[in-house]
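Residue numbers (the working numbering): 4 to 255. Glycine included, every Cβ here is placed at the ideal spot set by N, Cα and C. Structure first, then comments.
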Ligand SMILES: [Zn+2]
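Encoded structure:
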């Protein structure tokens, strides 16, 4: 039994868990897409979706690259394209749902896998490439991981100062989820099973992120808030806090 799927944040199909491996996916014609989103930023997605089906982001700085939320599939062509962009400084997931085949990526890219210490219990596979970190981890100048917690105790964001034309890009996992309306974000313990975070936790996360400088927010499915990231975050946090506190109970 996969503990990630058995956990209350996820789910198992009615006909039970299904398992696969890289060789089976390769034989079935699995591939990875490669989309340049902005200078220094490439999105990589497995087509068709594998597992949760996240979109990875490859951030390239003058010192090297970060592979964020690695996909659940890996191929030689994409490894080659990433390596062409220079050294890979780290592979890191925003939270355990995004671990994917991170060890395979780390081995192929000769890079460490950064795992937040608070989520080490969720590592399905250990390896000498795994490196634990605590509350913040510098990747390069202007590229830093921060633990924010929420969705998982070790949930992290990546702040890239040069992103969004130098106004700052925040890569988030499920702790901060850009919504389909593109002008608000959600904060949940579980998206499929709709388990909320408390108002106090949402306030803590928002206050922490208000210390950072950024304009754009990109979630782990490529979902994006293009402008005014901090204002969108504050608006969404206040709305969440007021709903869970009961301010709008007259509307229900
Ligand atoms: Zn998740």
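Where the beta strand (DSSP E) through residue i begins and ends
i, result
"residue 239", "Here residue 239 belongs to no beta strand (DSSP E); instead the alpha helix (DSSP H) covers 232-248."
"residue 69", "68-71"
"residue 211", "From DSSP, residue 211 is part of no beta strand (DSSP E) but of the alpha helix (DSSP H) over 202-212."
"residue 59", "58-63"
"residue 9", "First-last for residue 9: 6-9, but that is the alpha helix (DSSP H), not the beta strand (DSSP E)."
"residue 167", "Run containing residue 167: none in the beta strand (DSSP E); it sits in the alpha helix (DSSP H), 166-169."
"residue 96", "Unbroken run through residue 96: none, as it is neither H nor E."
"residue 193", "191-193"
"residue 156", "From DSSP, residue 156 is part of no beta strand (DSSP E); its letter is neither H nor E."
"residue 55", "First-last for residue 55: undefined, no H or E at that position."
"residue 173", "172-174"
Beta-ladder partner(s) of residue i, from DSSP
i, result
"residue 50", "34"
"residue 134", "117"
"residue 102", "Note: residue 102 sits in no beta bridge, so no partner."
"residue 151", "According to DSSP, residue 151 bridges with nothing at all."
"residue 41", "44"
"residue 15", "According to DSSP, residue 15 bridges with nothing at all."
"residue 198", "193"
"residue 228", "220"
"residue 180", "189"
"residue 162", "147, 173"
"residue 139", "149"
heavy atom of ligand 1 below 7 Å from residue i C-beta
i, result
"residue 177", "yes"
"residue 132", "no"
"residue 243", "no"
"residue 154", "yes"
"residue 230", "no"
Span of the alpha helix (DSSP H), counted from its first residue to its last, around residue i
i, result
"residue 82", "79-87"
"residue 108", "105-112"
8 Å Cβ cutoff, residue i in contact with chain B
i, result
"residue 98", "Protein chain content of the structure displayed is limited to a single chain, and chain B is not contained in it."
So does the stretch 110-128 actually touch the stretch 182-202, counting three or more Cβ pairs closer than 8 Å? no
Counting pairs of beta carbons, one from the stretch 111-120 and one from the stretch 81-89, are three or more of them closer than 8 Å? yes
Evaluate the contact criterion for the stretch 166-178 versus the stretch 213-226: three or more CB pairs, one atom per stretch, below 8 Å. yes
Pairing CB atoms from the stretch 186-204 with CB atoms from the stretch 140-147, are three or more of them under 8 Å? no
Could you tell me whether the stretch 53-67 touches the stretch 92-101, using the rule of 3 or more Cβ pairs below 8 Å? yes
The stretch 68-77 in contact with the stretch 150-157 per 3-pair CB rule at 8 Å: no
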